[in-house]
Structures are given as structure tokens and as C-alpha cells.
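**Q**
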Amino acid sequence: MMYLLLLSPFHREGTTFPFPSIGEISGFTYPSFFNFWINWFGGHVFLQVFSWSEWWNSWGVYIAFAAVLIISGHMFYKNLLQRKLAEQEALRLKELDRMKSELYANVTHEFRTPLMLILGQIDQFMKEFDSRSNPEQTKKLVSMKNNSHRLLQLVNQILDLRKLEGGDMNFNWKHGDIIMLLGFIADSFQSMAKAQKISLLFESKIPSLNMDYDSDKIFKITTNLLSNALKFTPSGGKIVFFVQVIDNQLEVQVKDSGSGISPEDLPHVFNRFYQSKSKFNTSGTGIGLTLVKELAELLEGSISVQSVLHVGTSFTLRLPIKKKFEKSLPPHTNQYKQDFLDELDALLPADQTHQHPDDKEETQSYVNTKKPLLLLVEDNPEVARFIGSLLQDQYYVMFAKDGEAGIQQAIELIPDLIISDVMMPVKSGFDLLSTLKSDIRTSHIPIILLTARTEAESKLEGLRRGADAYLAKPFQEDELLLQVQRLLTLRKILQKRYAMISVSDKKSTSNLTSHVIEEFDLPTEDRFLKEVMDEIKANISDPDFGPSKLCQSLAMSSSQLHRKLTAITDKTPVQLIRYVRLSQAKLLLKQPGLSISDVAYDSGFKDPAYFSRIFSKQYGVSPSEFKEYQV
36 MMYLLLLSPF HREGTTFPFP SIGEISGFTY PSFFNFWINW FGGHVFLQVF SWSEWWNSWG
96 VYIAFAAVLI ISGHMFYKNL LQRKLAEQEA LRLKELDRMK SELYANVTHE FRTPLMLILG
156 QIDQFMKEFD SRSNPEQTKK LVSMKNNSHR LLQLVNQILD LRKLEGGDMN FNWKHGDIIM
216 LLGFIADSFQ SMAKAQKISL LFESKIPSLN MDYDSDKIFK ITTNLLSNAL KFTPSGGKIV
276 FFVQVIDNQL EVQVKDSGSG ISPEDLPHVF NRFYQSKSKF NTSGTGIGLT LVKELAELLE
336 GSISVQSVLH VGTSFTLRLP IKKKFEKSLP PHTNQYKQDF LDELDALLPA DQTHQHPDDK
396 EETQSYVNTK KPLLLLVEDN PEVARFIGSL LQDQYYVMFA KDGEAGIQQA IELIPDLIIS
456 DVMMPVKSGF DLLSTLKSDI RTSHIPIILL TARTEAESKL EGLRRGADAY LAKPFQEDEL
516 LLQVQRLLTL RKILQKRYAM ISVSDKKSTS NLTSHVIEEF DLPTEDRFLK EVMDEIKANI
576 SDPDFGPSKL CQSLAMSSSQ LHRKLTAITD KTPVQLIRYV RLSQAKLLLK QPGLSISDVA
636 YDSGFKDPAY FSRIFSKQYG VSPSEFKEYQ V
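Numbering-wise (the working numbering), the sequence shown opens with residue 36 and increments by one.
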């Protein structure tokens, strides 16, 4: 059977196809719509057919392909360029870090020469100096020597880190009883622990252990850990130096009951030069623990830390037990001791070689002096003694070794002025500042902050919390003395202004105290003095009302009230009560119909004759003459 097919617009004449195959028509792509005519047995069949051309064979597809190709090429080039730039930046940073490390090493190496000369000259001078004739000068020389050794130790630590980075750290392996060495190191810290009233215990589950070790590196690791434990453990605390063997590893643990490490700082304690940003109760260079970690890893061991804030910290050192040098001669015990004594001053901070000058027994002797009482809160005994020596001629100086002890002594003593460091264990200078400024008993005390942190944020934080002055270390002696003198002079001005308060006019008290607040920003003192005055006036007719009852009503001790009132009014509680009674008597004498005796009794005086004597002494006229003058 044959069909006649006409496909328009491509065919003008019919095309014949055999049945059953209609055939194949090619050579067209457009239009998408075409007409399909079939002549079948004299009839016509018409169909309109939609045809898809090849989807890839169009300009739109070509443009899309070209766009994808361009974008892919651009992204590939950009990625390649970024990789090259990252590699170059990494090389640049590596080279910069190498140059900085070399610079640190070169500079610190240059420090060694003048330090050795200084130490040598100090030793020479100490040999020639007669310590018995001038003990104070001897103390200064010893302090100079200790701090020179401390500086030399910091230089050595930086050089050790540089050697570790460059792979130049040499080993000095020995085989012997490491428990004996660790026990000796612990014993060497006992005197310092006792001076700080800290219990230091050395415990070992095994009596002895012969193994390979590098005594110099073990020494540096353990002394750093013990030094840190002593630094951050308060008086009355406990340090445990514990040794055991677990899974063929020597485990050395140093656990203290100190201030602990905050969770945000804990992951960074082994980072080089890391300093806590959240608290100001830490100090140091950030080198010691970094060196500990590097040395532990060099010995194929590990160091880990666990800590709970305000509870304590535990450092755990793990070293593999090896016996490669078992046939070598064991080191001599006396040589250990001699090596240790030679390096002891260099390895330990200078502030741990002497007891802190915070002898509370000196509190009693202050009664016999008229010097202003200053409280110095400083955790470094060397710095505390130095600042105390600058002030002791003009002021009576008491000491506290951390922020918590400083708060307790400030509340107990109510000093005229406080000088406090910022970065201290237990509680920082900022904690001390916030606590004392918010306590009614101590809010009037001027506080000077001393710190090595000189950045603007730290200074602003101190001033924001109420610091009266902020000095950066190292400070000049004259600057400190002038600041102390200035703040005490301002207190004298404050005393004169408060002393002018009168009970005769209710407005005078509020106006005067408002002026005081405006100049000194002391609303706490204004409220306190108003409370005192109201309490006295409420009991003014009671002749038995005195300082003891005033203390009870204010919930303060007699010494605290005495120091507080003297500081802001220059009057003792007895003098202030008498002053208020006499001021009240002046008001009553102006009223007609009251006798001198009535005025005396209503003002709280038991004896009219005694009232007349002190009234005349206070105002220069007798009560009767004053009454007549008013008439």
C-alpha cells in the first residue's frame, strides 16, 4: 500500500512512502510547527505536528555553554591564585616567625653578657661589704642579686625555646633512680612552702625507679610546676607532689589547692606568651608552661592540666620508662645537690625566696604613732618591701599579700589609704576595689592601683570601678609620693567640709553634703553620715547613748566606726556625739521659757555644770550669756 505525503513548508510536491514504513524526513530544524498532509484513497488527512529540534544545536545553548566555561575558568583561576597567595603568605609568615625567633634569641643572648657582669660585680661587692655593719644595705644587695638571677632565668627560658624550635636542644641522658631526684627537688621547696604557710607533700607509690632521664630537663619541668603551684596557692593551702607508675610510664602529678584556672583560659595555658584576658589574678611571662610542654614532648612524654576555678589545679607529666643507658654509671647524689644549689636562685622567682612582710602583729603598735596608716596589697614580697621602704618615713605601712587578705585587713584596720597591685592570686586588685568601694565601712578610703598592665582598657577599668589613682609599673618614687600626698590632702578638705555640718538647719546638711558629693563623688559617705546624725539626734536626750550604742545601731565595731568617722569628719565618735548635743543645745537656748538645766537634760547631759563648762569651751561664751544675747 502506498501513501502520498505532503510536508509543508518543506515539500511542494507529494512524496510517496511504502507501507508500513512512512520513511524518514531530514534536512530541517525549523519551524517547530509543521503541517502534515496525507492523501489516502482520494481523501485528505491533515495533521499539525510539533517537532523539537536538537536542544544542543541552538544559540541559547551555545551562549549558556560559553558562560559556564568562562565562569568555570574564572573560578579555577581564582582558586589557583588564592592557593598560590596562601602558600606565599604561609612562607612569609614562617620566615617572619623565624626572623622573630632569631631576633629574640640574638637579643636575649646579648642580655646574658651585661647580666653576668652585673651578677659578678654584685658578688664581688658582697664579699667586700661588711653585712654586719649595715644590714639594710645587705638586704638591698641580696634583692638585686635575686632579681638579676630571675632576669637571667627568663633569658635562658627564651633561649631554650629557640633551641627547641631549631632542633638544637641536646640530650644528656643518665640512668639512675629518678625517685631520688624528684624527692630532692621537692625537699628543696619545703623552706619556701613553710615561709608561705603552705603544706608541701611528696608522695611516691614506689620507693625507687631506675630509668633513663635527662636531669636538666626533668629539673626545669618540675621546678616550673612547683613554682607555679606555690605562686597561686594561698596561705594555709596544700600542694601534693605525687609519683607513680602506670602502663610502663612514669606519672608525676603536681596538685595544688590554689585559685584555679578559668575554663576559657584552660585550653591556652601552654600557649607561648599567653596571658589571661578575663581575670587579672594571674602573672608571669607565659614562657614557663610553654617550655614545660616542649620539654615533655622532647622527652617523648606529655603534659596535661585539669583545673577548677577557686578550687585548685593539677598538672600531670607522663614519661616513658626506658633503660637504654642502664649500663652507664649512676649519677652521684652530691652532684645533684650541687647542681641544684647552683641553679636554685636562677630557676625560682625572686618573690619565692623570702617571706612576705605581712606581719599582722604590727597592728598593735600603730596605736602609738600619729602617722597616717597605709595598707599595701602586693603579692610580690620584693616589690612590697621596696614600696614600703619609700613610704615608711612619712607613713605607717601595713602589708597584705593578695586581694582577699587586703580586703580583710582593710575592713579590720580602716586605713587612711590603700595601695594595691592589680594582678594577684586569689582576688585581683579590681576585686578588692569593687568590694571596698561598695562597703559602707571602707567606701571612703582612697585606693591607688599599681600594675604592669599599661593598656588603656585596663586603666579605664580601674577608674570605672572607683580607683582614685592609677600608676603603671615601673613608677617614679616622686610620682607615687605625690599621689599619696594629694589623696590624703583631699581627705583633709573633705573632713573640713563635713565638719561644717550643723544640726541647726536641716537644709544646711543636705546642701553641704550635696556640694561634697558634687566635688568628690561620695554619695556613700553622705548617706553614712546622715545615718549617723539621724541616729544621734534620735537618741539625743538619752544621757547613756554613747559610741557603743552607736556602733550597735550601725552594725560596726568600735575601731571601724572610730576610723571611719575620723577619716571623713576628723572627729571621734565621742567628739561627734558631743558636737551634735552642743549644737542641739544652741537651738534650745534660743527658745524662751527653758532654763539652762532643762537645756542640758534635753541635750543628753546628766550634769548642768559639766554642760556649762564644755559649752563655754566650745563657743567661748557660757550658756547663760548665749541665752541673754539671743534675747
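Just so it is clear, CB atoms sit at the ideal spot from N, CA and C, and this is done for glycine as well. These numbers come from a predicted model, not from an experiment.
Do Val340 and Asn259 have their C-beta atoms closer together than 7 Å?
**A** No, the pair does not count as a contact, with Cβ atoms beyond the cut-off.
**Q** Who does Val275 pair with in a DSSP beta bridge?
**A** According to DSSP, Val275 bridges with Leu236 and Lys290.
**Q** Please report the distance separating the alpha-carbon of Pro582 from that of Gln429.
**A** One C-alpha to the other measures close to 30 Å.
**Q** Based on Cα-Cα distance, which residue from Leu495, Lys508 and Ile442 lies nearest to Thr6?
**A** Residue coverage of the chain in this structure runs from 36 to 666, which leaves residue 6 outside it and unanswerable.
**Q** Got a sec, what are the start and stop residues for the alpha helix (DSSP H) His597 sits in?
**A** His597 -> alpha helix (DSSP H) spans Ser593 to Thr604.
**Q** Quick one: what does DSSP say Lys508 is sitting in, helix, strand or coil?
**A** Coil.
**Q** At the level of alpha carbons, what is the spacing between His210 and Gly295?
**A** For His210 and Gly295, the distance between alpha carbons rounds to 36 Å.
**Q** Let's test the definition: count the other Cβ atoms within 10 Å of the Cβ of Pro450 and tell me whether it reaches 16, buried, or not, exposed.
**A** With 16 or more other Cβ atoms within 10 Å, it is buried.
**Q** Excluding the 5 residues preceding and the 5 following Lys358 in the sequence, name in chain order all residues of the same chain whose CB lies nearer than 8 Å to its CB.
**A** These residues qualify, in order along the chain: His210, Asn245, Met246 and Asp247.
**Q** What three-state label does DSSP hand Asn191 in the structure shown?
**A** Residue state, collapsed to three classes: helix.
**Q** Mind pulling the alpha helix (DSSP H) runs of 4 or more residues that sit fully within the stretch 457-495?
**A** You should have 464-472.
**Q** Alpha carbons only, please: which of Cys586, Asp437, Glu496 and Ile454 is nearest the one belonging to Leu409?
**A** Closest option to Leu409, Cα to Cα, is Ile454.
**Q** Evaluate the contact criterion for the stretch 496-510 versus the stretch 463-473: three or more CB pairs, one atom per stretch, below 8 Å.
**A** Counting Cβ pairs under 8 Å, three or more are found: they touch.
**Q** Please state whether the Cβ-Cβ distance between Gln724 and Thr351 is less than 7 Å.
**A** Look at the range of the chain in this structure, 36 to 666, and you will see that residue 724 is not part of it.
**Q** Between Gln619 and Ser638, which are expected to be in contact by the criterion C-beta below 8 Å, what is the C-beta distance as a whole number of angstroms?
**A** Confirmed, Cβ separation roughly 5 Å.
**Q** On a Cα-Cα basis, can you pick out the residue from Glu660, Asn181 and Leu150 that is closest to Val418?
**A** Among Glu660, Asn181 and Leu150, the Cα nearest to that of Val418 belongs to Asn181.
**Q** If you follow the alpha helix (DSSP H) that Ser424 is part of, which residue opens it and which one closes it?
**A** That run of the alpha helix (DSSP H) goes Pro416 to Leu426.
**Q** At what residues does the alpha helix (DSSP H) containing Arg500 begin and finish?
**A** Careful: Arg500 lies outside any alpha helix (DSSP H) and carries neither H nor E.
**Q** Ends of the alpha helix (DSSP H) at Pro621?
**A** It is worth fixing the name first, because residue 621 is Lys in this sequence and not Pro. Taken as a continuous stretch (DSSP letters only), the alpha helix (DSSP H) holding Lys621 covers Pro608 to Leu624.
**Q** By the three-class DSSP mapping on this structure, what secondary structure does Asp380 have?
**A** Here Asp380 scores only 47 on pLDDT, less than 50, and its place in the model is too uncertain to base an answer on.
**Q** Nearest CA to the CA of Leu330: which residue from Thr348, Lys252, Gly108 and Arg526?
**A** Closest by alpha carbon: Lys252.
**Q** Near Ala440, what residues of its chain come up, given a Cβ to Cβ distance below 6 Å and the 5 sequence neighbours on each side ignored?
**A** Answer for Ala440: no residue qualifies.
**Q** Secondary structure at Met433, three-state DSSP: helix, strand or coil?
**A** Residue state, collapsed to three classes: strand.
**Q** Does the beta-carbon distance from Ala264 to Ile274 come in below 7 Å?
**A** Closer than 7 Å, so yes.
**Q** Give the secondary structure of His210 by DSSP, where H, G and I count as helix, E and B as strand, and everything else as coil.
**A** Note: His210 maps to strand in three-state DSSP.
**Q** My output table needs one value for Leu244: the three-state DSSP class, helix, strand or coil.
**A** It is coil, neither helix nor strand.
**Q** Within 10 angstroms of the Cβ of Arg118, are there 16 or more other Cβ atoms? Answer buried if so, exposed if not.
**A** Exposed, since its Cβ has fewer than 16 Cβ neighbours within 10 Å.
**Q** Considering only C-alpha positions, which residue in the set Asp195, Lys229 and Phe640 is nearest to Phe206?
**A** Closest option to Phe206, Cα to Cα, is Asp195.
**Q** Would DSSP call Phe661 helix, strand or coil?
**A** Phe661 falls in the helix class under three-state DSSP.
**Q** Taking the alpha-carbon positions, what's the Asp572 to Glu560 distance?
**A** It should be pointed out that residue 572 corresponds to Lys in this sequence rather than to Asp. Cα-Cα distance, rounded: 18 Å.
**Q** Answer yes or no: do Gln518 and Ala507 have a C-beta to C-beta separation smaller than 7 Å?
**A** Result no, Cβ atoms of Gln518 and Ala507 do not sit closer than 7 Å.
**Q** Going by DSSP, what residue range makes up the alpha helix (DSSP H) through Val327?
**A** Where Val327 is concerned, the enclosing alpha helix (DSSP H) stretches over Gly323 to Leu333.
**Q** Taking only three categories from DSSP, how would you classify Gln284?
**A** In the structure shown, Gln284 sits in a strand (DSSP, three-state: E or B).
**Q** Identify every residue that forms a DSSP beta bridge with Ser349.
**A** Note: Ser349 sits in a beta bridge opposite Lys290 and Gln341.
**Q** Measure the CB-CB distance between Ser243 and Ile214 and report whether it falls below 7 Å.
**A** Against a cut-off of 7 Å, the Cβ pair of Ile214 and Ser243 comes out as a contact.
**Q** Along the alpha helix (DSSP H) that carries Val634, what are the first and last residues, could you check?
**A** Ile631 to Asp637 is the span of the alpha helix (DSSP H), which, as asked, contains Val634.
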